[in-house]
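Asks: Reading the sequence shown from the start, the letters are residues 1017 to 1485 in our numbering.
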Amino acid sequence: KERMDGCLLVSGGQVHCIRLLEENEKLGKIVKYKFFDMGFKEGLCKEETEIVICGAGPAGLVCAHTLLQAGFQNVCVLEKRTADRFCNDLGGGYDLSPTTQKIMDALHLGVAYRNVSKYVPEMNLYDLRGNCFRTIAIPEDAGVRTSRRSPLQEFLLRELPPHTVRFGAGVADVCCTGSRMRVDLASGERVACDIVIGAEGIWSKTRAYVTGTPPQPVPAGCVAWWGTLDPADMKRLLAEDARGGDGSLRGTKWALGPGVGAALYALEDDGENVWFVMDAGQVAPAGAGRGGAAKEEAPTASARKEEVLATTARAQLPWIEKAVRATPAERISHTAIHDLEPIEAWHRDGAVLIGDAAHAVTPFIGQGANMAIADAYVLGQLLARHDSYRAAVEEYEGVRVKSANNTVTESRWWGKWLMSESAFNAWVFRTVVWLTPESWMLGMFDEADHGNRQAFEHVQALAQSNLPN
C-alpha cells in the first residue's frame, strides 16, 4: 500500500495516478485500485523531457537560455518568421528594468546585454507645444536601460547553441494527445513533446489551448507608429534641436498631452535611433488585427508616414515631426494598441504561458518586455528545481500571476490618463509630475519593477537553499 498509493503507472502510452480505494485487512492485500488518467507526463527528467517553446521573442529566447543552462537537453524554439526577417525586424524600443539586468547577469549574459542596451541618464518631459516642463535625472546604478528589439533578439539568439531555434515554423495549433503534447505547424508538420511553453505573443495558439478560446485582444483606444533613424540623420536632427545644439542629447525625450504621446530615444551614438508616436484620435477598424487594420486594408508605407505626420503636426512637436520626415517610409511601422483580459490559470496539461501570451499589457508603464523576461527566467528555474511538472507550474503561477495581472490593470489606468483627449486631464498630469520630488519619481520606476524583482529573488532564494528537488 505504501509503495503503490500515489505512484505513477505508465501503461499503453498513458500515465495514471494510482490511488488506494479498498484494502482487505484480513488478507493483508490490496484488492482494489482506481487509475486516474493524468493526461500528460508528470515527471521531469533533464535528459529526456522534451520542451518546445513557441515564439523566439525575448521571452522565448530567455526561457531557452534558462532551461539549457539548467541542464535540460531537449529544448527547441519554434519561430514563425524566417531567419532574415527575424534579424531585420525593425521593432521598437524597450525600457529595460534593473531586474532584467540581474537576470542577464544570472544567465552570464550581462556583458553582451550591456553592449546592445544603453544607460538612460535622464528623461526629459515635454508638453505638446514643445516646452520641456521636467527633467528627471536617473542614476546609473538604478539599472534603467533601453534597447531596440532587433539587437536584443539577435544577441540572445547568437548566444544559444546552433539549431536551437527553428525559423519558418509558425504554430497552427496546440493539443494534448494522452501522455504527451503536440504542436501542429502551419506547414502541416506535427511536433510531439512533453511540455509546450507559449511565448508567441498576444495571438498565442498556446493560450487558445490553455483557456479553451481564441485570444480576444482588448483595444486601448489608440494607435501607434514607430520608426528608426540612421546615425547621420539623428546627429543632424539633434544639432538643430534647441537642447542638443552640440549634436548630442542625453536621456530620452517624451511628450505627453491631450490624446497624443511621443518619444525620441537617442539609443546609440553610432547606430540606429528610435522614435514613436501614439494617437488616441485614430482607432483601428472593428475586427482589425494587431497591425491596426485587416490585412487587405493595411496602409501602404507612404500612407503610414502621412498618417503619423498628420498627428505630429496637430501635436505641435517640431522635433518629432523632423524625426518622422527624416525616416524612410519603409522603416515606419504601425499598430493598434491592445492588451488581454487577465486570466488566473496560465497552464493546462503540459502547456504553460509566458510573456504576452499570458498577460499582454499596454506600453504605458514600460513593463511588457521586463515581465516577459522575468516569466521566462522564473519558469525555467522552477522547472529545473522540481521533479514534478505540476509542482513547478503551480509555484510559477503563485509567484507571477497576481503581480502580472495587477500590472496589466495598472497600465490600463495610466493609459486612460496619458492618452486622454481632455486638456484638463493633461494639465493635471503635467502639474503633478512637475511638483513631485525627483526621489518619488524614481521610486515609481522602482515600484513598476517590484513584481519582477520579487519573483527573481524568490527563485534566487530557492537556488541558495540547496534543498533537494
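Even glycine gets a Cβ: it sits at the ideal position worked out from N, Cα and C.
Could you compute how far the alpha carbon of R1174 sits from the alpha carbon of V1127?
Replies: So the alpha carbons of these two residues sit roughly 13 Å apart.
Asks: I'd like the span of the alpha helix (DSSP H) that includes A1400, first residue to last.
Replies: A1400 -> alpha helix (DSSP H) spans G1384 to R1401.
Asks: Distance, Cα to Cα, D1100 vs W1450?
Replies: Computed Cα separation, rounded: 45 Å.
Asks: I believe V1190 touches A1240 by the beta-carbon criterion, under 8 Å. Please report the beta-carbon distance rounded to the nearest angstrom.
Replies: Actually they are not in contact, since the Cβ atoms of V1190 and A1240 sit about 29 Å apart, beyond 8 Å.
Asks: Quick one: using the 10 Å Cβ neighbour count with 16 as the cut-off for buried, is D1403 buried or exposed?
Replies: Its Cβ having fewer than 16 others within 10 Å, D1403 is exposed.
Asks: Just how far apart, CA to CA, sit A1302 and Q1089?
Replies: With a pLDDT of 36 at A1302, under the threshold of 50, the modelled position of that residue is not reliable, and the figure given next carries that caveat. If I take the Cα positions, the gap works out to 45 Å.
Asks: Looking only at its chain, what residues have a beta carbon closer than 6 Å to the beta carbon of A1374, apart from the 5 residues adjacent to it on each side?
Replies: These residues qualify, in order along the chain: W1362.
Asks: For T1151, write down the residues that DSSP places opposite it in a beta bridge.
Replies: T1151 pairs with N1140.
Asks: For a quick check, are the C-beta atoms of L1395 and D1372 less than 9 Å apart?
Replies: No; because the gap between Cβ atoms is not below 9 Å, this pair is not in contact.
Asks: With I1370 and C1079 assumed to form a contact (beta carbons below 8 Å), what rounded beta-carbon distance in angstroms separates them?
Replies: The Cβ separation is near 6 Å, so the contact holds.
Asks: Could you check what DSSP says for R1320 in three-state terms: helix, strand or coil?
Replies: Correct three-state label for R1320: helix.
Asks: Identify, in the order they occur along the chain, each residue of the same chain with its Cβ nearer than 6 Å to the Cβ of R1364, setting aside the five sequence neighbours on each side.
Replies: Only V1226 meet the Cβ criterion.
Asks: At a cut of 8 Å, does the stretch 1174-1183 reach the stretch 1156-1164 through at least three beta carbon pairs?
Replies: No: fewer than three Cβ pairs fall under 8 Å.
Asks: In angstroms, rounded to a whole number, what distance separates the CA positions of L1325 and E1337?
Replies: In a straight line, the C-alpha of L1325 is about 6 Å away from that of E1337.
Asks: Determine the closest residue to R1206 out of A1185, C1103 and I1218, with distance taken between C-alpha atoms.
Replies: When each option's Cα is compared against that of R1206, the closest is A1185.
Asks: Assuming I1152 and E1463 are in contact, meaning their beta carbons sit under 8 Å apart, how far apart are those beta carbons, in whole angstroms?
Replies: About 15 Å separates the two Cβ atoms, so there is no contact after all.
Asks: What residue from Q1169, E1322 and K1269 has the CA that sits closest to H1081's CA?
Replies: Checked all of Q1169, E1322 and K1269; the closest Cα to H1081 is Q1169.
Asks: Is DSSP giving F1088 helix, strand or coil here?
Replies: F1088: coil per DSSP, three-state reduction.
Asks: To the nearest angstrom, how far is it from the Cα of S1427 to the Cα of V1377?
Replies: Rounded to whole angstroms, S1427 to V1377 spans 7 Å at the Cα level.
Asks: Between S1436 and G1108, what straight-line distance do the alpha-carbon atoms span, to the nearest angstrom?
Replies: If you take the alpha carbons of S1436 and G1108, they lie about 23 Å apart.
Asks: Under the assumption that T1327 contacts V1136 (Cβ atoms under 8 Å), give the Cβ distance between them as a whole number of angstroms.
Replies: No, T1327 and V1136 are not in contact; Cβ-Cβ is about 25 Å, not under 8 Å.
Asks: Taking the alpha helix (DSSP H) that E1337 belongs to, which residues open and close that run?
Replies: Looking at the DSSP string, the run of the alpha helix (DSSP H) that includes E1337 is P1334 to R1341.
Asks: The alpha helix (DSSP H) spanning M1460 covers which residue range?
Replies: Per DSSP, M1460 belongs to the alpha helix (DSSP H) from E1454 to A1464.
Asks: Under DSSP, the beta strand (DSSP E) around T1222 begins and ends at which residues?
Replies: No beta strand (DSSP E) contains T1222, which is instead part of the alpha helix (DSSP H) from K1221 to T1227.
Asks: Judging by CA-CA distance, which residue of R1097, L1083 and K1062 is the nearest neighbour of G1071?
Replies: Cα-wise, what sits closest to G1071 is R1097.
Asks: If you draw a straight line from the alpha carbon of A1278 to that of A1331, how long is it in whole angstroms?
Replies: Each residue's Cα considered, the two are about 9 Å apart.
Asks: Is DSSP giving I1119 helix, strand or coil here?
Replies: I1119 falls in the helix class under three-state DSSP.
Asks: Pull up the distance between the alpha-carbon of A1258 and that of V1409, whole angstroms please.
Replies: Reliability of the predicted coordinates at A1258 is poor, the pLDDT of 49 falling under 50, and no value is obtained from them.
Asks: Counting C-beta neighbours from all protein chains within 10 Å, is the total for C1238 16 or more, i.e. buried, or is it exposed?
Replies: With 16 or more Cβ atoms within 10 Å of its Cβ, C1238 is classed as buried.
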